[in-house]
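Below is one structure; the comments refer to it alone.
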Amino acid sequence: MALDSKRTDYVLPPPQPVLIPVAGSDALFPVRRIYCIGRNFAAHAVEMGHDPDREPPFFFQKNPDNILLEGQDLPYPPKTADLHFEVEMVIALGKGGANIAPDEALGHVFGYGVGLDMTRRDLQAEAKEMRRPWEIGKAFEHSAPCSALVPASEIGHPAEGDIWLAVDGERKQSGDLNQMIWKTPEMISYLSEYFVLAPGDLIFAGTPAGVGPVSKGQVMEAHVANVGTLKVAVI
Ligand code: MN
33 MALDSKRTDY
43 VLPPPQPVLI
53 PVAGSDALFP
63 VRRIYCIGRN
73 FAAHAVEMGH
83 DPDREPPFFF
93 QKNPDNILLE
103 GQDLPYPPKT
113 ADLHFEVEMV
123 IALGKGGANI
133 APDEALGHVF
143 GYGVGLDMTR
153 RDLQAEAKEM
163 RRPWEIGKAF
173 EHSAPCSALV
183 PASEIGHPAE
193 GDIWLAVDGE
203 RKQSGDLNQM
213 IWKTPEMISY
223 LSEYFVLAPG
233 DLIFAGTPAG
243 VGPVSKGQVM
253 EAHVANVGTL
263 KVAVI
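The sequence shown begins at 33 in my numbering and counts up by one.
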């Protein structure tokens, strides 16, 4: 059933969609789901203690309302002493579907953003050890900072170029989009075999090596070539 603004008998106010600005316009992108790929850069897989060989990709999800918009500060989350940054390109889908062929996948992309897959690393490590799901380490409040989205009609589909993150001006992570083990079309195609994708879905495309902790009072600057730079202060 769809929302009907004329009805007054909702037992609670229906949740509002999360909206991300589109760069260079007044347009807004409504978020449906957030998928995140794990270990998509070999050097990051190695730093986390895993084999860099190309195994099938795996994904986890964050909640749409975990998005933190550009210009907002990130409150240091509770229950962790090890909040980590992970700079990632964000793929925003404008079209959905199931069983999308890789050579048609880019036609489903609306645009791209710069995102941070913020992680309570201590809680994630504990979950891994106990063979439990990752939500407690990954899908908490404000865990998905995301820049304004740049339409693919303006920049095309970034497949190479710098991706980096600095904390207080000091470079911590750097890589090149061409090091992504699973490329944008492959991720969309793979996900669409397991889930029905829809307009509004976001895919966080994986982080290069150099992840590490950030503390209250520090400022993260995250960059993806041709997409932009996102600055987030931890408070
Ligand atoms: Mn990540």
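Here a beta-carbon is modelled for each residue, glycine too, at the ideal position from N, C-alpha and C.
Just so you know, these numbers come straight off a predicted model, no measurement behind them.
Host alpha helix (DSSP H) of residue i (start-end)
i, result
"P109", "No alpha helix (DSSP H) holds P109; DSSP gives it neither H nor E."
"D154", "153-161"
"I168", "167-170"
"V78", "74-79"
"A130", "Where A130 is concerned, there is no enclosing alpha helix (DSSP H), given that its DSSP letter is neither H nor E."
"I187", "184-187"
"P217", "216-226"
Whether residue i touches residue j by CB criterion (8 angstroms)
i, j, result
"I235", "Y67", "yes"
"K248", "V266", "yes"
"Q93", "R64", "no"
"F142", "A159", "no"
"N131", "E225", "yes"
"V259", "I213", "no"
"P45", "P62", "no"
"N95", "A191", "no"
"G276", "D233", "Residue 276 lies beyond the stretch modelled for the chain, which goes from 33 to 267, so this question has no answer here."
"G145", "S185", "no"
"R153", "D114", "yes"
"V256", "M121", "yes"
From the options, residue whose alpha carbon lies closest to that of residue i
i, options, result
"M252", "G145, E118, E79, P49", "E118"
"A55", "V182, V259, G232, K215", "V182"
"T261", "P96, E102, H76", "E102"
"D97", "D233, T239, E173, N72", "E173"
"P89", "E202, M33, I220, D58", "I220"
"H189", "S179, A180, G139", "G139"
"L197", "E167, V246, S175", "V246"
"E87", "A254, A74, E167", "A74"
"T216", "H82, E136, G81", "E136"
"A176", "Q250, D85, R164, H116", "H116"
Where the beta strand (DSSP E) through residue i begins and ends
i, result
"T261", "260-265"
"S206", "202-208"
"I52", "50-53"
"D135", "Per DSSP, D135 belongs to no beta strand (DSSP E); it is in the alpha helix (DSSP H), 134-137."
"V246", "No beta strand (DSSP E) contains V246, which DSSP labels as neither H nor E."
"H116", "115-117"
"L100", "99-101"
"A198", "194-199"
"Y144", "141-148"
Expected contact under 8 angstroms - CB spacing of residue i and residue j to nearest Å
i, j, result
"L60", "V264", "Between V264 and L60 the Cβ distance is about 20 angstroms, and since that is not below 8 angstroms, they are no contact."
"G242", "Q205", "4 angstroms"
"G147", "Q156", "Going by Cβ atoms, the distance from G147 to Q156 rounds to 17 angstroms, so no, they are not a contact pair."
"I69", "G238", "5 angstroms"
"H76", "P240", "6 angstroms"
Any non-hydrogen atom of the ligand ATP within 7 angstroms of residue i CB
i, result
"D149", "The model on display carries the ligand MN but not the ligand ATP."
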